[in-house]
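Residue numbers (full-length UniProt numbering): 1 to 267.
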């Protein structure tokens with residue numbers, strides 16, 4: 001089986017470091033690029049000094065030195081991701097993207113880039129979360145219409161976008177199953193609402209605190225009973241290993257925009 005050579009953007013970030021470790025320990029995968037900003041103090045330092053299992057020949061470098069890479073992975077911020085996408089296009093290298101907080105214009109750029117290179121974009125690379133996306137669709141269609149649907153998510157204090165990309169993916173899956181336009185039924189703030197809640201809406205609640213890696217609960221409540229579907233992540237390695245799995249699946253795929261449902265054959 002061919003070894004998949006991986007390059008990681010934002011290699012010194014929280015997810016970047018997890019991706020470096022995942023690319024090092026995953027079978028049939030080789031870390032060949034660890035990219036940081038040109039102003040980073042890590043430039044030229046061997047990755048082995050931070051991740052003892054990493055290849056001693058790999059040093060942190062900036063994105064002008066991309067070489068010997070089969071798939072690029074990006075879990076940075078939207079502005080950085082768009083720059084990295086241009087680099088992937090210029091080198092014709094497939095890309096796995098886990099950046100959240102993207103605008104409709106950002107997504108349009110992804111769709112355009114996917115005409116030329118294969119891209120996996122997912123808001124969450126956990127296998128469990130992607131199974132959850134299927135489960136909430138089943139619940140939404142089988143439990144009837146007299147139903148209150150709410151989504152709660154909790155993350156660490158440093159997470160900027162809210163609701164999380166995963167929470168939105170859950171809501172979008174439910175809206176799709178119900179035949180709703182998500183943007184029309186999503187409710188993010190009820191502080192100024194003076195009417196009772198409608199059953200034709202999806203409410204979002206957010207918590208930010210401490211070092212919470214990620215927790216998502218979907219509530220399906222009706223008179224007399226409540227179904228709660230919850231996923232809790234205790235380590236970023238869950239997402240990192242999922243991204244490495246996606247990178248292995250993506251190699252040699254035709255140009256197109258894919259997601260983890262494709263990778264896991266859940267569609």
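A virtual CB, placed ideally from N, CA and C, is assigned to each residue, including glycine. Treat the numbers as computed from the prediction; the structure is a model and nothing was measured.
Residues near residue i in its chain [Cβ-Cβ closer than 6 Å; skip 5 each side]
i, result
"residue 101", "78, 161"
"residue 72", "7, 88, 93, 95"
"residue 231", "128, 129, 132, 216"
"residue 85", "113"
"residue 63", "35, 87"
"residue 240", "18, 19, 22"
"residue 262", "none"
First and last residue of the uninterrupted alpha helix (DSSP H) at residue i
i, result
"residue 201", "Neither: residue 201 is in no alpha helix (DSSP H) and is coded neither H nor E."
"residue 262", "260-263"
"residue 226", "Taken as a continuous stretch (DSSP letters only), residue 226 belongs to no alpha helix (DSSP H), being part of the beta strand (DSSP E) at 225-233."
"residue 182", "182-185"
"residue 2", "Segment: none, residue 2 is in no alpha helix (DSSP H) and carries neither H nor E."
"residue 140", "127-142"
"residue 173", "165-178"
DSSP state of residue i mapped onto helix, strand, coil
i, result
"residue 256", "strand"
"residue 245", "helix"
For residue j and residue i, the rounded distance between their alpha carbons
i, j, result
"residue 269", "residue 117", "With the chain covering 1 to 267 only, the question about residue 269 has no answer from this structure."
"residue 20", "residue 166", "22 Å"
"residue 225", "residue 145", "14 Å"
"residue 245", "residue 121", "13 Å"
"residue 24", "residue 258", "24 Å"
"residue 42", "residue 254", "35 Å"
"residue 70", "residue 5", "5 Å"
"residue 222", "residue 190", "20 Å"
"residue 234", "residue 125", "14 Å"
First through last residue of the beta strand (DSSP E) which encompasses residue i
i, result
"residue 154", "148-155"
"residue 215", "214-222"
Contacting residues, own chain, Cβ-Cβ under 7 Å from residue i (five flanking each side not counted)
i, result
"residue 212", "154, 155, 156"
"residue 173", "133, 136, 137"
Cut-off 8 Å between Cβ atoms - residues of its own chain near residue i, not counting five sequence neighbours on either side
i, result
"residue 109", "82, 85"
Where in the UniProt domain "Dihydrodipicolinate reductase N-terminal" (5-125) do unbroken runs of the beta strand (DSSP E), each at least 3 residues long, occur, reported from the N-terminal end onward? Within the UniProt domain "Dihydrodipicolinate reductase N-terminal" (5-125), the complete beta strand (DSSP E) runs of at least 3 residues are 29-35, 71-74, 95-97, 118-121.
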